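*Asks:*
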Amino acid sequence: MEIVQDIMVRNLDVHELNSLIGKAGITINLIQYQIFRHVGFFGLLLLTIGSSIAGGQRISYTTPVIIVILFFVTAPSEKVMGMTSPFRIAVDRLGQFRQSQKNNELYRAICQLKNLAITKADRPPGSAFILEQLKKFTDKIRPTLNQMQQLWLMGQKDQACEYFGRSIGTPEAQSFASIIRKLDELNPIEMKQQMVLFQEVMRRQRETERMKNNMRKSNLIYSICMLSLTVILLNFMVVGVIIDMIQGLSSIE
């Protein structure tokens with residue numbers, strides 16, 4: 000196994016890449032990804048060549064070249080020719096999407112906490128009850144809440160909050176954990192104020208992120224338009240040069 004690992008992930012920071020894959024929500028490790036990638040590459044290559052031979056057709060180089068390009072593009076590396084690799088870009092995007100989903104669940108959880116503070120104003124609920132209720136409105140972060148609740152019930156409240164913030168891995172999660180830590184010390188009015196403040200901060204962050212996404216989309220569309228325009232202009236230039244060359248050769252003859 001060590002030989003396979005050395006061949007398939009050499010020159011890579013395996014632990015860092017495994018961490019990135021995990022944050023992206025991918026359920027396989029780097030070695031499994033590499034095995035799947037190599038098997039898929041050779042399988043597609045053999046299938047393409049075999050289909051051409053079986054059909055009695057001439058082997059086209061286009062499809063094998065595309066497969067080879069895809070094989071190198073999907074390599075699990077940090078950089079390609081000094082630029083961020085497609086693999087890293089894809090994993091980062093998946094990680095950002097997953098964190099966004101977790102933050103959305105945190106936002107809903109905050110709404111529930113605020114509702115509990117309002118409806119239970121005469122009898123403030125305990126922190127253990129609140130944690131149990133929060134699990135009913137979460138999906139992505141429910142396993143983390145389960146582990147947090149276990150530590151909490153064992154009296155390890157600081158460790159529980161630290162674990163939650165570290166596992167989710169977002170600033171919002173750390174702020175949420177600090178609020179949970181103070182639940183037993185806050186009266187319902189104070190808890191409601193904390194929830195409203197936290198909701199407002201998250202709302203502004205979501206608006207900022209939405210604006211950034213719109214800006215990225217606009218830049219992408221602009222880049223595609225400029226690239227298309229450049230290709231069209233180059234095409235006209237090439238056609239013009241070729242026509243001039245043909246006319247020049249005709250005049251010489």
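Residue numbers (numbering that gives the first Met the number 0): 0 to 252.
We treat Cβ as the ideally placed atom computed from N, Cα and C, and that holds for glycine.
Being a predicted model, the structure only gives us computed values, none of them experimental.
1) How many angstroms separate the CA atom of G125 from the CA atom of I179?
2) Which of the three DSSP states is assigned to K134 in this structure?
3) Mind checking who K156 pairs with in its DSSP beta bridge?
4) Please name the residue, chosen from V90, E206, F136 and D157, that lies closest to E104 on a Cα-to-Cα basis.
5) On the CB-based measure, 16 or more other CB atoms within 10 Å of its CB, does D5 come out buried or exposed?
6) Does the Cβ-Cβ distance between F197 and S174 come in under 8 Å?
7) I'd like to confirm the pairing. Which residues does DSSP put opposite T207 in its beta bridges?
8) Going by Cα to Cα distance, which pick from I109, I68 and Q31 is closest to L43?
9) Would T143 pass as a contact of Q98 if the rule is Cβ separation under 8 Å?
10) Could you give the distance in angstroms between the alpha-carbon of N10 and the alpha-carbon of K134?
11) So who's on the other strand from K78, going by DSSP bridges?
12) Return the chain-ordered list of same chain residues with a C-beta closer than 8 Å to the C-beta of T73, the five sequence neighbours on each side being excluded.
13) Is it buried or exposed, I2, if we count other Cβ atoms within 10 angstroms and call 16 or more buried?
*Replies:* With the structure as the only source:
1) 11 Å
2) helix
3) According to DSSP, K156 bridges with nothing at all.
4) F136
5) In this prediction, D5 has a pLDDT of 39, which is less than 50 and means its spatial position is unreliable; what the coordinates show is noted afterwards. Exposed, because fewer than 16 other Cβ atoms sit within 10 Å of the Cβ of D5.
6) yes
7) DSSP lists no partner for T207.
8) I68
9) no
10) Its pLDDT being 46, under 50, N10 is placed unreliably by the model, and the measurement read from it follows with that caveat. Roughly 42 Å separates the two Cα atoms.
11) T83
12) R36, P85 and F86
13) Here I2 scores only 40 on pLDDT, less than 50, and its place in the model should not be relied on; the value that follows carries that caveat. Exposed, by the Cβ-count rule.
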